[in-house]
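Below is one structure; the comments refer to it alone.
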Amino acid sequence: MPKLIYISHPISGNVDENVRDILRICKKIHTKNIIPFAPYLVAVQYLDDKISRERKLGIQAGFECFSRKAMDELWLCGDKISKGMKEEIKLAIKYKIPIKCYNKKLKSEFNKIKSNL
Numbered sequence: 001m002p003k004l005i006y007i008s009h010p011i012s013g014n015v016d017e018n019v020r021d022i023l024r025i026c027k028k029i030h031t032k033n034i035i036p037f038a039p040y041l042v043a044v045q046y047l048d049d050k051i052s053r054e055r056k057l058g059i060q061a062g063f064e065c066f067s068r069k070a071m072d073e074l075w076l077c078g079d080k081i082s083k084g085m086k087e088e089i090k091l092a093i094k095y096k097i098p099i100k101c102y103n104k105k106l107k108s109e110f111n112k113i114k115s116n117l
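Just so you know, full-length UniProt numbering puts 111 at position 111 of the sequence shown, and the rest follows in order with no gaps.
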């Protein structure tokens, strides 16, 4: 059975560029054994990340995926761990969802976050 992988990646800031990066990562890792999952990509199509209320709605929807354990693993991607990614890490730990650093450069930052929980 293929693994459903939640792609954790910064989205705010340069949303268009981040969306392109996420799509590139999804295409690269998608195989018969790995299905990438990035539900926030849909939300950024109709919610405005610059409007606090809409941003919170999108974040809340993503967090619901964690409480339902809708993924097999959380993969940390991108060039930094954003505030939203930190929350996703906390949720993955809370719900015992394995976490992997797709970008190995994030490993030390991830370890710091994990040790402070």
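Here a beta-carbon is modelled for each residue, glycine too, at the ideal position from N, C-alpha and C.
Could you give the first and the last residue of the continuous beta strand (DSSP E) run that contains Lys99? Reading the sequence as shown, one finds Ile at residue 99 and not Lys. Where Ile99 is concerned, the enclosing beta strand (DSSP E) stretches over Ile99 to Cys101.
Report the residue ranges of all alpha helix (DSSP H) runs contained in full by the UniProt domain "DUF7768" (3-101); include only those spanning at least 4 residues, in chain order. Counting whole runs of 4 or more residues, the UniProt domain "DUF7768" (3-101) contains the alpha helix (DSSP H) stretches 15-29, 40-46, 52-67 and 83-94.
When you compare the CB positions of Ile59 and Leu41, do they come within less than 8 Å of one another, or not? Not in contact: Ile59 and Leu41 (Cβ atoms no closer than 8 Å).
Distance check for Lys27 and Cys101, CA to CA, integer angstroms please. The alpha-carbon atoms of Cys101 and Lys27 are separated by roughly 17 Å.
Are the CB atoms of Asn116 and Leu76 nearer to each other than 8 Å? Taking 8 Å as the Cβ cut-off, Asn116 and Leu76 do not qualify as a contacting pair.
Can you list, in chain order, the residues of its chain whose CB lies under 8 Å from that of Arg55, leaving out five sequence neighbours each side? Same-chain partners within the cutoff: Ser12, Leu47, Asp48 and Asp49.
Own chain residues within Cβ distance below 7 Å of Lys80, not counting five before or after: Apart from sequence neighbours up to five positions away, the residues of its chain that approach Lys80 with a beta-carbon distance below 7 Å are Pro10, ordered along the chain.
Between the C-alpha atoms of Ile51 and Pro98, what's the straight-line distance to the nearest angstrom? Going by the C-alpha atoms only, they are around 32 Å apart.
Do the CB positions of Met71 and Ile5 come within less than 8 Å of each other? Contact: yes.
Compare the Cα-Cα distances from Ala92 to each of Gly84, Glu109 and Leu74 and report the closest residue. Checked all of Gly84, Glu109 and Leu74; the closest Cα to Ala92 is Leu74.
Quick check: what's the CA-CA separation for Arg53 versus Lys105? Arg53 and Lys105 have their C-alpha atoms some 32 Å from each other.
Same chain only: Cβ atoms within 8 Å of Ile34, ignoring 5 sequence neighbours per side: Sequence-distant Cβ neighbours of Ile34 in its own chain, meaning closer than 8 Å and more than five residues away, are Pro2, Lys3 and Ile5.
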